[in-house]
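**Q** Please see the structure below; I have some questions.
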Amino acid sequence: MIETVIRKRIEILADTQLQKRVTDAIDRAGITGWTVTPVTSGKGRDGHWREERVMGTDKVFVLTIAAEDKAEVLAEALAPMLTKYGFILSMWDVQVIRGERF
Amino acid sequence: MIETVIRKRIEILADTQLQKRVTDAIDRAGITGWTVTPVTSGKGRDGHWREERVMGTDKVFVLTIAAEDKAEVLAEALAPMLTKYGFILSMWDVQVIRGERF
Amino acid sequence: MIETVIRKRIEILADTQLQKRVTDAIDRAGITGWTVTPVTSGKGRDGHWREERVMGTDKVFVLTIAAEDKAEVLAEALAPMLTKYGFILSMWDVQVIRGERF
Amino acid sequence: MFETAIQTFTSPVVLFFVLGLLAAFVRSDLAIPEAIAKAMSLYLMAAIGIKGGVAVSKSGIDGTVISALGAGIVAGFLLPFFAYAVLKSFGKLDRINSGAVAAHYGSISVVTFVTAVEILTGQAREPEGFMVAVMAAMEAPAILSGLMLARGLGNKDDGQSMGEMFHEVFTNSSIVLLLGAFVIGMVGGEAGFGEVQPFFEAGFKGVLCIFLLDMGLIAARRMMDARAITWRLTLIAIFLPLVNGAVGTALGVGIGLDAGSAAALGVLCASASYIAVPAAMRLALPEADPGIYLTMSLSITFPFNVLINIGIISAFAAYLTGGTGVVP
Amino acid sequence: MFETAIQTFTSPVVLFFVLGLLAAFVRSDLAIPEAIAKAMSLYLMAAIGIKGGVAVSKSGIDGTVISALGAGIVAGFLLPFFAYAVLKSFGKLDRINSGAVAAHYGSISVVTFVTAVEILTGQAREPEGFMVAVMAAMEAPAILSGLMLARGLGNKDDGQSMGEMFHEVFTNSSIVLLLGAFVIGMVGGEAGFGEVQPFFEAGFKGVLCIFLLDMGLIAARRMMDARAITWRLTLIAIFLPLVNGAVGTALGVGIGLDAGSAAALGVLCASASYIAVPAAMRLALPEADPGIYLTMSLSITFPFNVLINIGIISAFAAYLTGGTGVVP
Amino acid sequence: MFETAIQTFTSPVVLFFVLGLLAAFVRSDLAIPEAIAKAMSLYLMAAIGIKGGVAVSKSGIDGTVISALGAGIVAGFLLPFFAYAVLKSFGKLDRINSGAVAAHYGSISVVTFVTAVEILTGQAREPEGFMVAVMAAMEAPAILSGLMLARGLGNKDDGQSMGEMFHEVFTNSSIVLLLGAFVIGMVGGEAGFGEVQPFFEAGFKGVLCIFLLDMGLIAARRMMDARAITWRLTLIAIFLPLVNGAVGTALGVGIGLDAGSAAALGVLCASASYIAVPAAMRLALPEADPGIYLTMSLSITFPFNVLINIGIISAFAAYLTGGTGVVP
Ligand SMILES: Nc1ncnc2c1ncn2[C@@H]1O[C@H](COP(=O)(O)O)[C@@H](O)[C@H]1O
Ligand SMILES: Nc1ncnc2c1ncn2[C@@H]1O[C@H](COP(=O)(O)O)[C@@H](O)[C@H]1O
Ligand SMILES: Nc1ncnc2c1ncn2[C@@H]1O[C@H](COP(=O)(O)O)[C@@H](O)[C@H]1O
Ligand code: NA
Ligand code: NA
Ligand code: NA
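Residue numbers (numbering that gives the first Met the number 0), protein chains in the order written: chain Y, 0 to 101; chain A, 0 to 101; chain V, 0 to 101; chain F, 0 to 327; chain C, 0 to 327; chain R, 0 to 327.
Below, the structure written as structure tokens:
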């Protein structure tokens, strides 16, 4: 059986325009990498959004896998943005192979 | 250390054409919001699909974060669609910051 | 309350060009299906990539839900590719409805 | 017949379709981005709508137009009943899938129509402009009869009422765009159209080439992946366009259309939708299997129509109207 | 006035916009893929930039050009102060949102401008080519004054310095593309432009049609979903373009522009940005609510300008310059 | 030389490339959606393929065509051996990466070729139409020799046989589209091409402008992010196109081509692939680092060729054929 280790997977829903603030925070937390995936539309307390790419008010998912301690640092760093910019952050434990990468 | 709370993250793979039935169910379950992300292709018991956007038979992921009780309500509401329309639903526990939002 | 069962959800970040090697491995592991979602950009030890669709060096997420034993087989089969091609694999437990499908 | 086939196979539009089929068969990774394919289909619908509207704004609406529209609507509504019977008995499909497939064959394929217009024009049999209006009018009726066949009339499945169903069918993006562009073409007329002519007319054939390249790729790939398709269904996917095409052509000649327009009506009856109706079925009849209806309409009937049946229908229309079946 | 309205409503460009509005109102699922919409907006900016650059390369830069540029920049910088006052007092918005909305109304909408040029040209009042340079020059100043109003001058929120703010505003993709294409047009001149003319000029109106179809869809959908919009804000979104349009037109006539160019300046002042500024606000003022500024600029002011206000401004410019307000 | 440089830098195509470079250097957020960029690259390949096919259908295939094809194939196959030696010794790359980079430099860049044709045509040295066929023929051989160099001939890594490798190389989407469109152009000839001319020819230069804008953005961003690039590799990325360009031009003159066509062969040898080969390498040689081969071919060699080397090669071809190096 292949050996796996436990890491945190963190996903942040952020404005495309503000993506760099999130990835900069990831870099500063000393995490090795991140991946951005597209988002089509959504609904929240501020209503429904979609088709906002032309207006530059669309969103993306930024996801990163990190050891628990670094994940903590990142969550701490992002917390103010969550409130201020309306980002959403969720994280959970995942098993990864080649744990030394993260 | 920043305070997190546990919520359910629910992801539903649904037909683009039927997306509204899923999001209506989320709204009816009293959940604050949802996010839709694109899907490129897939394979299941009914075979391989891809490049189906022109034909309107493509799929999307709808994901929502909710407290456990509302997640239960939603899963209950979606169960018939899973069988009938071939949707796929998975859910798991995640930590979120600003738990009062969900 | 609706009945759910526990399955593994496995996500592999792979090169678009090599997607077929991943999905072939999934098929060979006897798993019923998989779903591919797009990826926009990312950063890792090898630097930052984005806008690489024209060059054919972009990436995708392949995700699949499977019973634990098959997930093990798959992880085992993919492990060499992780190192050699720089794929990333993470997996975690999820609750699903209609567990007999997976 | 033979010259017609040659003409078909030297049209760049058809050649690109064949290139798509071949590329998929040799398992090339050639693919058109989905957003582009979608945009091309919208472009083709807007362009063809405008063109038809401008044509009608010039010719006006007379008795021939009205009888062609009537014939199209009636044919669109009734053809699914025949298709349903064949699919259920010979094809051994269940009620739901028979109704879904029948809706596809009663409705029309914009791209098949457009390709036929290219080919017919190349044979000096250009259909009248109002045939675009007939095409638009034929999109929806078959969806309604197909749904009725699949679900029964009173059946309020999913809490979906008849009203909702009508709403969904008539606000379908294809129908809205085709009719909207048609009306814009009529309102703007030739003068208004002049301004946008370079975009909607000059680019038309080139876009059609690339779109058919993509449809060739998709049709062939779907064919190679097909699981749910039996030899019975394959036969039906060739038999229905032959029969519907002959019926439609005869109907067109019967109501007094010229050879080109009668052939166009034949092609509309022969063609099976693979853009508007699959989307509508996914919404209104999600239990039906796209693996059946898309593969039949897109992977079998569509290539058959483009490569062979348009030629047959054209020759048949020429024969019925006393022509020779080849270019004069 | 009446003839002007008729002209507006038979322009295919406007008709496609109306089609988009109607399709959204009947809840059709018609949608243009986002990648395509984004590409169309880039195309329109590149094309308009080149066109303006070529025009200026022909006409040269004289006193009129310089005073028009000056008038545009000053207007762009000052209009937000008035808008801010109205939004804060009558509109009851907070400081941040008032500043964000004010930036939109001070800046310009490329598509409104382009549509106005189409309509004015149809009325034999084509604005001078250098008005494109004025448009480009008016994009940024309002963003700066809006940000100053919202955050105060010295405020280094988010650790973002004034320098960073300037950098972000002036490297905004719209501004870079518009100015870059303008310079390319000036450098290449008519000769160089000839080579790319079929792409950037012949296709222009058609692309504009499809883009306006999409904007109609998006504006109407956003309107129907709107939550944060009060009747006060709705009124302001009609009042500001009326006032700014009149001010801009009078300013244009005052500095000696012809009727068409003065009307174009009026339209620039009247128009509210919904491409460059929302993106800039999301970056520089993320606390402001897009549900307010986008709905006001895109769903109310934009349709009001396209459907009504361009006609009013054109008539006003004709009146001020002694014309008749209708086509000669 | 000097006039040539001026001509290069007033071509709108090159100006858009420079705009892209500059926009990325000032860290603008300007970006073309990826689906659009992909579609543009497919469009350019289809258009150039058709154009070449039509040209050959007119000129026929004679001895010159055959020797040009032969020279191209041989050069494409052999150039990687020289590149490999330089990369391994002076560049200090390992075997895998040396082979991968060598494949890029042996193969060709469609966009560099097309830009060269624009510039050469502007200098009244339009290359012959059959050079497109030479280009298509030069895409694959270098991939094969590069793979052989990287992996050795018999090596069945990943369980991938030589047969699979050949299949992957020859069903590569670029090759299939380029050759397919070439054959369509030959079959359709001038008559068939007339129908799609507005789309594939009139729009060509405009699309090329926007595509080069995007390539400028991507090349410069990749350059600024580059990590794996040493000064040695930077030198090689300028040295190889100089040497390969001179060799190819001399070869072209040697087999009797006119100055324009010889220059085109020089440009083909000088250019490094950044569309077909990276995709092929990702598939067949996933251990090689795209950070090396893409940065070298796209961020260094491509701008060097477009901005400087095409001019040098053109002057060299003119010199060898007894011309003056400037426009007559
Ligand atoms: N810690 C991480 N979390 C999420 N994605 C990552 C992480 N590290 C790397 N990646 C992704 O994997 C790709 C390849 O990583 P690498 O092989 O380290 O260059 C990157 O470009 C990212 O898209
Ligand atoms: N409960 C939720 N689950 C998933 N996504 C959400 C949820 N609430 C909000 N979102 C997403 O976050 C965006 C902003 O939310 P809000 O700030 O509440 O308007 C929404 O448009 C959705 O895309
Ligand atoms: N085990 C699985 N894991 C992930 N996605 C799946 C799985 N099975 C099916 N799917 C997705 O669900 C779609 C429909 O599945 P099916 O109804 O089995 O044909 C497929 O096309 C896949 O996109
Ligand atoms: Na039909
Ligand atoms: Na304004
Ligand atoms: Na080369």
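C-beta: ideal position from N, C-alpha, C; glycine also. Quick caveat: nothing in here was measured; it's all calculated off a predicted structure.
Given that a residue counts as buried once 16 or more other Cβ atoms are within 10 Å of its Cβ, and exposed if not, what is S27/R?
**A** The residue in question, S27/R, is buried, as its Cβ has 16 or more Cβ neighbours within 10 Å.
**Q** Name the residues in the stretch 31 to 58 of chain A whose C-beta lies less than 9 angstroms from a C-beta of chain Y; which are they?
**A** Residues passing the 9 angstroms Cβ filter: T31, G32, W33, T34, V35, T36 and P37.
**Q** Helix, strand or coil: which one does DSSP assign to I107/F?
**A** Reduced to three states, the DSSP call for I107/F is coil.
**Q** R44/V: beta carbon under 6 angstroms from a heavy atom of ligand 1?
**A** At least one heavy atom of ligand 1 is nearer than 6 angstroms to the Cβ of R44/V, so yes.
**Q** Please classify F8/C: is it buried, with 16 or more other beta-carbons within 10 angstroms of its beta-carbon, or exposed?
**A** Result: exposed.
**Q** Can a CB atom of chain F be found closer than 7 angstroms to the CB of Q16/A?
**A** Yes, because at least one Cβ of chain F sits closer than 7 angstroms to the Cβ of Q16/A.
**Q** Counting contacts by CB-CB distance shorter than 7 angstroms, is V93/Y in contact with chain V?
**A** Yes, its Cβ sits closer than 7 angstroms to a Cβ of chain V.
**Q** For the beta strand (DSSP E) containing A65/Y, list its first residue and its last residue.
**A** Segment K58 to A65, the beta strand (DSSP E) holding A65/Y.
**Q** So, at 6 angstroms on beta carbons, what are the nonlocal neighbours of L68/R in its own chain, with the 5 sequence-adjacent residues on each side left out?
**A** Same-chain partners within the cutoff: V133 and A136.
**Q** I want to check one thing, is the minimum distance from the CB of F60/V to the heavy atoms of ligand 1 below 6 angstroms?
**A** F60/V Cβ: outside cutoff for every heavy atom of ligand 1.
**Q** Is C268/C near ligand 4, judged by its Cβ being under 6 angstroms from some heavy atom?
**A** No.
**Q** Alpha carbon to alpha carbon, how far is L297/C from P285/F?
**A** Near 36 angstroms, if we compare the C-alpha coordinates of P285/F and L297/C.
**Q** Does V326/C come out as helix, strand or coil in the three-state DSSP assignment?
**A** Annotation note: pLDDT 45 at V326/C (below 50); position unreliable, no value reported.
**Q** Indicate, with yes or no, if ligand 6 has a heavy atom lying under 6 angstroms from the CB of I96/A.
**A** Because no heavy atom of ligand 6 lies under 6 angstroms away, the Cβ of I96/A does not count as near it: no.
**Q** Quick one: Cα of A74/V to Cα of R8/A, how far?
**A** Cα to Cα, A74/V sits roughly 24 angstroms from R8/A.
**Q** Using a beta-carbon distance below 7 angstroms, is D294/C in contact with chain R?
**A** Asp is not the amino acid found at residue 294/C; the sequence shown has Thr there. No - not a single Cβ of chain R is within 7 angstroms of the one on T294/C.
**Q** Do you know offhand how far V326/C's Cα is from G265/C's?
**A** Confidence is the limiting factor: at V326/C the pLDDT is only 45, short of 50, which leaves the residue's position unreliable, though a coordinate-based value still follows. When rounded, the distance between both Cα atoms is 19 angstroms.
**Q** What are the uninterrupted segments assigned as beta strand (DSSP E) that are 3 or more residues long and contained completely in the stretch 239 to 301 of chain F, given in chain order?
**A** Within the stretch 239 to 301 of chain F, no complete beta strand (DSSP E) run reaches 3 residues.
**Q** Give a yes or no on whether the minimum CB-CB distance between V175/F and chain C is below 7 angstroms.
**A** Yes, contact with chain C.
**Q** Does the CB of L282/R have a neighbour CB from chain V at under 7 angstroms?
**A** Yes, because at least one Cβ of chain V sits closer than 7 angstroms to the Cβ of L282/R.
**Q** Could you name the residues of the same chain whose beta carbon sits closer than 6 angstroms to that of L20/R, not counting the 5 residues immediately before and after it, in chain order?
**A** Excluding sequence neighbours, L20/R sits near G215 and A219.
**Q** Suppose contacts are defined by Cβ-Cβ distances below 7 angstroms. Is L176/R in contact with L29/F by that definition?
**A** Yes, the Cβ-Cβ distance between L176/R and L29/F is below 7 angstroms.
**Q** For chain Y, check one thing: does any of its Cβ atoms lie closer than 7 angstroms to the Cβ of M90/V?
**A** Yes - at least one Cβ of chain Y is within 7 angstroms of the one on M90/V.
**Q** Less than 7 angstroms separating the beta-carbons of G32/V and G43/A?
**A** It is a contact, given that the beta carbons lie within the stated cut-off.
**Q** Between the Cα of E167/R and those of R124/F, L306/F and A22/F, spot the shortest distance and give me the residue it belongs to.
**A** Closest option to E167/R, Cα to Cα, is A22/F.
**Q** Starting from P37/Y, follow the beta strand (DSSP E) in both directions and report where the run begins and ends.
**A** Its beta strand (DSSP E) spans residues W33 to P37.
**Q** Going by the C-beta, is I107/F closer than 6 angstroms to any heavy atom of ligand 4?
**A** Under cutoff, so the answer is yes.
**Q** With a threshold of 8 angstroms, are at least 3 pairs of Cβ atoms found where one atom belongs to the stretch 4 to 24 of chain Y and the other to the stretch 46 to 63 of chain Y?
**A** They touch, by the three-pair rule.
**Q** May I have the straight-line CA-CA distance separating I31/C from E2/Y, to the nearest angstrom?
**A** Roughly 47 angstroms separates the two Cα atoms.
**Q** By how many angstroms is the C-alpha of A46/R removed from the C-alpha of P240/R?
**A** Cα to Cα, the separation comes out at about 26 angstroms.
**Q** If the criterion is Cβ atoms closer than 7 angstroms, does the pair G202/C and F303/F meet it?
**A** No, the Cβ-Cβ distance between G202/C and F303/F is not below 7 angstroms.
**Q** For T233/R, collect the residues of the same chain with a Cβ closer than 7 angstroms to its Cβ; drop the 5 residues on either side in sequence, then sort them by chain order.
**A** Cβ neighbours of T233/R beyond the five flanking positions: I299.
**Q** Give a single yes or no on whether T63/V has its beta carbon closer than 6 angstroms to a heavy atom of ligand 3.
**A** Yes, Cβ of T63/V sits closer than 6 angstroms to a heavy atom of ligand 3.
**Q** Alpha carbons only, please: which of L77/C, L212/C and R231/C is nearest the one belonging to E138/C?
**A** Residue L77/C is the option with its Cα nearest to E138/C.
**Q** Round the Cβ separation of A78/Y and A28/Y to the nearest angstrom and send it over; I've been treating them as touching at under 8 angstroms.
**A** Incorrect: roughly 13 angstroms between the Cβ atoms, too far for contact.
**Q** So, is A287/F buried or exposed, given that buried needs 16 or more other C-beta atoms within 10 angstroms?
**A** Buried, by the Cβ-count rule.
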